[in-house]
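The structure appears right after this line, and notes come after that.
There are 2 protein chains.
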Amino acid sequence: MPVAEMSTHLRQSAPLTQSLPEQIAARLSERIVSGAYTPGQRIMEQNVAEEFEVSRGPVREALRLLEKDGLVMILPRRGAQVTNPSIEEVNEIFDIRAMLNGLRDRLIAEGPQRVQLIPVLEQDIARLAETAANPGPGDEYIDIVLRLNRLLTQAAGNHRLQAILGSLAVQTVRYTRLGLSTPQRRQQSARNWQSLLQAIRDGNGDAAERIARQRVIDSRDAAAEHLRAQSA
Amino acid sequence: MPVAEMSTHLRQSAPLTQSLPEQIAARLSERIVSGAYTPGQRIMEQNVAEEFEVSRGPVREALRLLEKDGLVMILPRRGAQVTNPSIEEVNEIFDIRAMLNGLRDRLIAEGPQRVQLIPVLEQDIARLAETAANPGPGDEYIDIVLRLNRLLTQAAGNHRLQAILGSLAVQTVRYTRLGLSTPQRRQQSARNWQSLLQAIRDGNGDAAERIARQRVIDSRDAAAEHLRAQSA
DNA sequence: ATTTGTATTATTGTCAACAATCTTCTTGAC
DNA sequence: GTCAAGAAGATTGTTGACAATAATACAAAT
Chain A
1 MPVAEMSTHL
11 RQSAPLTQSL
21 PEQIAARLSE
31 RIVSGAYTPG
41 QRIMEQNVAE
51 EFEVSRGPVR
61 EALRLLEKDG
71 LVMILPRRGA
81 QVTNPSIEEV
91 NEIFDIRAML
101 NGLRDRLIAE
111 GPQRVQLIPV
121 LEQDIARLAE
131 TAANPGPGDE
141 YIDIVLRLNR
151 LLTQAAGNHR
161 LQAILGSLAV
171 QTVRYTRLGL
181 STPQRRQQSA
191 RNWQSLLQAI
201 RDGNGDAAER
211 IARQRVIDSR
221 DAAAEHLRAQ
231 SA
Chain B
233 MPVAEMSTHL
243 RQSAPLTQSL
253 PEQIAARLSE
263 RIVSGAYTPG
273 QRIMEQNVAE
283 EFEVSRGPVR
293 EALRLLEKDG
303 LVMILPRRGA
313 QVTNPSIEEV
323 NEIFDIRAML
333 NGLRDRLIAE
343 GPQRVQLIPV
353 LEQDIARLAE
363 TAANPGPGDE
373 YIDIVLRLNR
383 LLTQAAGNHR
393 LQAILGSLAV
403 QTVRYTRLGL
413 STPQRRQQSA
423 RNWQSLLQAI
433 RDGNGDAAER
443 IARQRVIDSR
453 DAAAEHLRAQ
463 SA
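Heads up: the sequence lines are chains A and B, in that order.
Just so you know, the working numbering puts 24 at position 24 of the first sequence, and the rest follows in order with no gaps.
Just so you know, the working numbering puts 236 at position 4 of the second sequence, and the rest follows in order with no gaps.
Here it is, written out as structure tokens:
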């Protein structure tokens with residue numbers, strides 16, 4: 001074997017669908033959201049570069065990409081560390097998400113794409129109702145919620161909104177999971193989704209916006225409740 | 233002549249307040265918003281590097297910073313070019329700004345900091361009313377509006393919101409100016425600011441949000457009107 | 001005249017080495 | 001024993017060179 005086998009398969013000889021920094025960022029992103037890198041942990045360029053067998057240049061760019069998504073914080077001369085947002089900052093992000101989800105769902109309720117969307121929503125929201133009361137951490141429920149959100153965010157047709165909401169969703173997914181960890185909350189959530197579906201059916205943008213905002217605020221409050229309980 | 237005199241003074245021997253990429257980004261940012269770089273124009277790393285007498289590394293980072301602010305678009309293997317948003321994209325950004333300005337002004341109307349803020353607002357908004365009807369492009373009026381917005385965005389106390397709104401404001405300042413280019417529009421705008429002031433005095437968050445949204449939507453429509461007139 | 005293939009050039013992507021700066025560890029004084 | 005100062009090490013910042021790729025110009029064939 002001429003050269004050490006690459007353990008990570010980052011390099012492909014065929015045309016790359018993703019740039020090298022993007023691939024590195026994706027791998028690091030997984031580790032952060034999965035908790036393999038703990039909040040506050042420092043990420044050193046040299047280590048990442050050696051692991052992926054690239055130089056520090058692409059790694060630097062990858063870390064900048066992660067910073068754009070709010071997953072790491074880059075301080076001058078101190079490098080990147082996994083973000084560890086305070087409860088206040090998490091609340092701030094949820095407030096922004098509430099407003100922008102309101103806009104998103106209004107755009108959908110008032111837009112022409114809602115007619116094709118309604119059957120898909122009906123199916124997913126029905127599954128939400130089915131799985132909400134299941135005991136346990138609710139991973140299945142949460143997966144459906146995340147997919148629903150992605151679907152709606154794409155369907156709204158506002159590209160900039162899509163980018164911002166995507167970034168904010170990544171930053172708060174940890175807390176969204178926390179907030180949906182009890183059957184009671186999931187049932188509350190499922191009721192909200194059904195209300196939203198009805199508002200979209202009716203083409204009622206005002207109602208869609210109000211319901212979306214309430215959903216995110218409920219999510220925020222539930223997460224805050226858990227965080228308070230944990231720290232106590 | 234031994235070596236070309238440095239025209240830009242980017243390098244200081246004393247401790248740098250801003251990092252090198254930040255300084256480069258600031259300089260390029262000026263040129264973009266001032267129109268020295270035209271929308272769609274390609275910015276080449278080598279050229280910028282030679283002009284500022286640095287290597288391409290910091291320039292690359294500077295361009296990534298500008299991308300984060302939405303001032304340039306970076307395409308793989310094609311480099312950076314000044315963003316040239318379509319009318320639709322500008323409308324999208326204004327919609328987002330409307331929602332987030334609503335949140336911002338609600339936070340202020342409902343927050344404790346409003347009592348210290350009210351005298352400052354009264355002064356600036358009075359000056360708005362004075363200068364609104366002046367003929368001409370309204371540069372003075374627009375300067376006050378921009379300062380007011382900065383003030384409120386900072387005072388709201390939501391750091392993430394501040395970052396997002398700052399970025400969106402930079403991207404739309406060109407169109408904001410366009411929308412405030414007639415005395416009629418400025419008088420409409422001034423009336424809106426006075427309504428906002430009253431809502432903040434009353435501590436009425438709902439009203440503050442509604443008024444803020446309306447203000448941005450008016451701004452959006454006025455800018456769109458001008459753009460339509462221009463292209464016809 | 002248009003189009004297609006090819007060669008050339010221009011530009012971005014990546015790398016390894018060096019410089020500057022921050023952290024940590026050791027040493028010494030009180 | 002605690003704290004301060006300095007030295008050693010570790011880490012980010014910057015640079016210039018090389019590689020890979022995309023844009024351009026030109027030539028030839030239809």
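Quick reminder that beta carbons are idealized off the backbone N, C-alpha and C, glycines included.
Please read all numbers here as calculations on a predicted model, not as lab measurements.
Task: chain B contact residues for H159 (chain A), given Cβ-Cβ distances below 8 angstroms - done: Position 159 of the first sequence holds residue 159 (chain A). Chain B residues near H159 (chain A): E321 and E324.
Task: Bridge-paired residues (DSSP) for M73 (chain A) - done: Numbered from its first residue, the first sequence carries residue 73 (chain A) at position 73. Note: M73 (chain A) sits in a beta bridge opposite A:Q81.
Task: Outcome for A223 (chain A) when other beta-carbon atoms lying within 10 angstroms are tallied against a minimum of 16 - done: In the first sequence, residue 223 (chain A) corresponds to position 223, counting from 1. It counts as buried.
Open item on the list: Let me make sure I understand the geometry here. Which of A:D143, A:P119, A:E88 and A:R60 has the alpha-carbon closest to that of P76 (chain A)?
Closed with: As a first step, residue 76 (chain A) must be located in the first sequence, where it is residue number 76. Residue A:R60 is the option with its Cα nearest to P76 (chain A).
- [ ] Kindly indicate which residue of B:S413, B:R274, B:L360 and B:A294 has the alpha-carbon position closest to the one of N424 (chain B).
- [x] Here residue 424 (chain B) refers to the residue found at position 192 of the second sequence. Closest by alpha carbon: B:L360.
Open item on the list: Tell me which residues share the same chain as G343 (chain B) and place their Cβ nearer than 7 angstroms to its Cβ, disregarding the 5 neighbours each side in the sequence.
Closed with: Taking the first residue of the second sequence as position 1, residue 343 (chain B) is located at position 111. Only residues of its own chain outside the window of five on either side were considered, and among them G389 have a CB closer than 7 angstroms to the CB of G343 (chain B), listed in chain order.
Open item on the list: Does the contact criterion of 3 or more C-beta pairs under 8 angstroms hold for the segment 83 to 97 of chain A versus the segment 192 to 207 of chain A?
Closed with: no
Open item on the list: Closer than 9 angstroms between beta carbons: that is the criterion. Which residues of the segment 282 to 313 of chain B meet it against chain A?
Closed with: G289, R292, E293, R296, L297, E299, K300, G302, P308 and R309
Task: Beta-carbon proximity check, I449 (chain B) vs A330 (chain B), cutoff 8 angstroms - done: For the purposes of this step, residue 449 (chain B) is taken as residue 217 along the second sequence, with counting starting at 1. For the purposes of this step, residue 330 (chain B) is taken as residue 98 along the second sequence, with counting starting at 1. Contact flag set, yes.
Task: Within chain A, partners of G334 (chain B) - CB distance below 8 angstroms - done: Here residue 334 (chain B) is taken as the residue at index 102 of the second sequence, counted from 1. What G334 (chain B) touches in chain A: M99.
- [ ] Count the other C-beta atoms from every protein chain shown that fall within 10 angstroms of the C-beta of Q348 (chain B), then say buried if there are 16 or more, exposed otherwise.
- [x] As a working mapping, residue 348 (chain B) is identified with position 116 in the second sequence. It is exposed - the Cβ of Q348 (chain B) has fewer than 16 other Cβ atoms within 10 Å.
Open item on the list: What does the alpha-carbon distance come out to for the pair P2 (chain A) and F52 (chain A)?
Closed with: To locate residue 2 (chain A), count along the first sequence from 1; it is residue 2. To locate residue 52 (chain A), count along the first sequence from 1; it is residue 52. At P2 (chain A), the pLDDT of 31 sits below 50, so the modelled position is not reliable; the number obtained from the coordinates is stated separately. Distance between the alpha carbons of P2 (chain A) and F52 (chain A) is about 18 angstroms.
Open item on the list: Give me, in chain order, the residues of the same chain whose beta-carbon lies closer than 8 angstroms to that of L65 (chain A); leave out the 5 immediate sequence neighbours on both sides.
Closed with: For the purposes of this step, residue 65 (chain A) is taken as residue 65 along the first sequence, with counting starting at 1. The residues are P21, E22 and A25.
TODO: Report buried or exposed for R106 (chain A), applying the criterion of at least 16 other Cβ atoms within 10 angstroms of its Cβ.
DONE: For this step, residue 106 (chain A) is matched to residue 106 along the first sequence. Buried is the call here.
Task: Buried or exposed (CB count within 10 angstroms, at least 16 for buried), P351 (chain B) - done: Numbered from 1 along the second sequence, position 119 holds the residue referred to as residue 351 (chain B). The residue is exposed, with fewer than 16 neighbouring Cβ atoms inside 10 Å.
TODO: Report the three-state DSSP secondary structure of R243 (chain B) (helix, strand or coil).
DONE: Within the second sequence, numbered from 1, the residue matching residue 243 (chain B) stands at position 11. Unreliable positioning characterises R243 (chain B) in this predicted model, as indicated by a pLDDT of 43, which lies under 50. The coordinate reading is nonetheless provided below. Collapsing the DSSP output to three states places R243 (chain B) in coil.
Open item on the list: I'd like the span of the alpha helix (DSSP H) that includes Y373 (chain B), first residue to last.
Closed with: The count along the second sequence starts at 1 and reaches residue 373 (chain B) at position 141. Taken as a continuous stretch (DSSP letters only), the alpha helix (DSSP H) holding Y373 (chain B) covers D371 to A387.
Open item on the list: Restricting to Cα atoms, I'd like to know which of B:T414, B:P290 and B:G272 is closest to V280 (chain B).
Closed with: Mapped onto the second sequence, residue 280 (chain B) falls at position 48. Out of B:T414, B:P290 and B:G272, B:P290 has the C-alpha closest to the C-alpha of V280 (chain B).
- [ ] Taking all protein chains shown into account, decide if Q345 (chain B) is buried (16 or more other Cβ within 10 angstroms of its Cβ) or exposed.
- [x] For the purposes of this step, residue 345 (chain B) is taken as residue 113 along the second sequence, with counting starting at 1. With fewer than 16 Cβ atoms within 10 Å of its Cβ, Q345 (chain B) is classed as exposed.
Task: Span of the alpha helix (DSSP H) around N333 (chain B) - done: Counting from 1 along the second sequence, the entry for residue 333 (chain B) is found at position 101. Run containing N333 (chain B): I319 to E342, per the alpha helix (DSSP H) assignment.
TODO: Output the distance between the C-alpha atoms of V265 (chain B) and D143 (chain A), rounded to the nearest integer angstrom.
DONE: Residue mapping note: residue 265 (chain B) aligns to position 33 of the second sequence, counting from 1. Residue mapping note: residue 143 (chain A) aligns to position 143 of the first sequence, counting from 1. Approximately 42 angstroms, taken between the alpha carbons.
TODO: Could you tell me whether the Cβ atoms of A440 (chain B) and I432 (chain B) are closer together than 8 angstroms?
DONE: In the second sequence, the residue the question calls residue 440 (chain B) occupies position 208. In the second sequence, the residue the question calls residue 432 (chain B) occupies position 200. Yes, they are a contact pair.
Task: Interface residues of chain A facing D327 (chain B) [CB-CB closer than 7 angstroms] - done: To locate residue 327 (chain B), count along the second sequence from 1; it is residue 95. Result: L103 and N158.
Task: Opening and closing residue of the alpha helix (DSSP H) in which T172 (chain A) lies - done: Start at 1 with the first residue of the first sequence, and residue 172 (chain A) comes out as number 172. Start and end: H159 to G179.
TODO: Would you mind sorting G267 (chain B) into buried or exposed? The rule is 16 or more other CB atoms within 10 Å of its CB.
DONE: One-based indexing of the second sequence puts residue 267 (chain B) at position 35. Exposed, since its Cβ has fewer than 16 Cβ neighbours within 10 Å.
Open item on the list: Using DSSP's beta-bridge definition, name the partner residues of R274 (chain B).
Closed with: Your numbering for residue 274 (chain B) matches position 42 in the second sequence. DSSP, once it has assigned bridges, lists B:Q313 as partnering R274 (chain B).
- [ ] Could you confirm whether any beta carbon from chain B is found closer than 8 angstroms to the beta carbon of S189 (chain A)?
- [x] On the first sequence, position 189 is the one that residue 189 (chain A) refers to. Taking Cβ atoms only, chain B never reaches closer than 8 angstroms to S189 (chain A), which makes this a no.
Open item on the list: Can you check whether the C-beta of I32 (chain A) is within less than 8 angstroms of a C-beta belonging to chain B?
Closed with: For the purposes of this step, residue 32 (chain A) is taken as residue 32 along the first sequence, with counting starting at 1. No - not a single Cβ of chain B is within 8 angstroms of the one on I32 (chain A).
Task: Beta-carbon contacts of A155 (chain A) that lie in its chain and below 7 angstroms, excluding the five residues immediately before and after - done: Within the first sequence, numbered from 1, the residue matching residue 155 (chain A) stands at position 155. These residues qualify, in order along the chain: I108, Q113 and L117.
Open item on the list: Spatial neighbours of A422 (chain B) within its chain, please: C-beta separation below 7 angstroms, excluding the five flanking residues on both sides.
Closed with: For the purposes of this step, residue 422 (chain B) is taken as the residue at position 190 of the second sequence. Same-chain partners within the cutoff: L360, A361 and A364.
Open item on the list: Short of 8 angstroms Cβ to Cβ, which residues in the segment 116 to 147 of chain A face chain B?
Closed with: none
Task: DSSP three-state assignment for P253 (chain B), whether helix, strand or coil - done: On the second sequence, position 21 is the one that residue 253 (chain B) refers to. Residue state, collapsed to three classes: helix.
Open item on the list: Beta-carbon within less than 7 angstroms of I325 (chain B)'s beta-carbon, same chain only, minus the 5 sequence neighbours each way: which residues are those?
Closed with: Here residue 325 (chain B) is taken as the residue at index 93 of the second sequence, counted from 1. Closer than 7 angstroms at Cβ, skipping near neighbours: L400, Q403 and T404.
Task: Rounded distance between the beta-carbons of I96 (chain A) and L332 (chain B), thought under 8 angstroms - done: For this step, residue 332 (chain B) is matched to residue 100 along the second sequence. For this step, residue 96 (chain A) is matched to residue 96 along the first sequence. Yes, L332 (chain B) and I96 (chain A) are in contact; Cβ-Cβ is about 7 angstroms, under 8 angstroms.
- [ ] Taking S19 (chain A) as the query, report the chain B residues whose CB atoms sit under 7 angstroms from its CB, ordered along the chain.
- [x] As a working note, residue 19 (chain A) is residue 19 in the first sequence. Within chain B, the residues near S19 (chain A) are P308.
Open item on the list: According to DSSP, simplified to helix, strand and coil, what is R346 (chain B)?
Closed with: On the second sequence, residue 346 (chain B) is found 114 positions in, with the first residue counted as 1. It is helical.
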